[in-house]
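The next block holds one structure in the form of structure tokens; read it before the comments.
If you want it as structure tokens, here you go:
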């Protein structure tokens, strides 16, 4: 439809002001566990039992950044990106 904005596949809008910010600091205990602060869970809509996908970025062979994405959100993003490509492949 002309003039209709498509819903973005993720909340990532690129770089610049408002892109990313430090939300909290967490500690890892001796079992390798950490607690997400309640304020972050509420802001992100994370409920008990939700699955989170950890995505890492490497630079020069070292992991330099780790981010978490709700698994259902990631599945939607992947489907949104791959769906049109698969449709093209199937109709070609």
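Residue numbers (this note's numbering): 3 to 94. Beta carbons are placed, not taken as given, at the ideal position from N, Cα and C, and that holds for glycine.
Straight-line Cα distance separating residue j from residue i
i, j, result
"residue 42", "residue 93", "43 Å"
"residue 64", "residue 57", "14 Å"
"residue 10", "residue 35", "Interpretation of residue 10 is limited by its pLDDT of 46, a score under 50 that renders its predicted location unreliable; the figure taken from the coordinates is listed afterwards. Using only the alpha carbons, I get a separation of about 32 Å."
"residue 49", "residue 30", "20 Å"
"residue 3", "residue 32", "Because the pLDDT of residue 3 is 45, which lies under 50, any placement of that residue in the model is unreliable, and the question is left without a value."
Contact belief for residue i with residue j at Cβ below 8 Å, rounded distance in angstroms
i, j, result
"residue 73", "residue 53", "4 Å"
"residue 55", "residue 70", "7 Å"
"residue 37", "residue 28", "6 Å"
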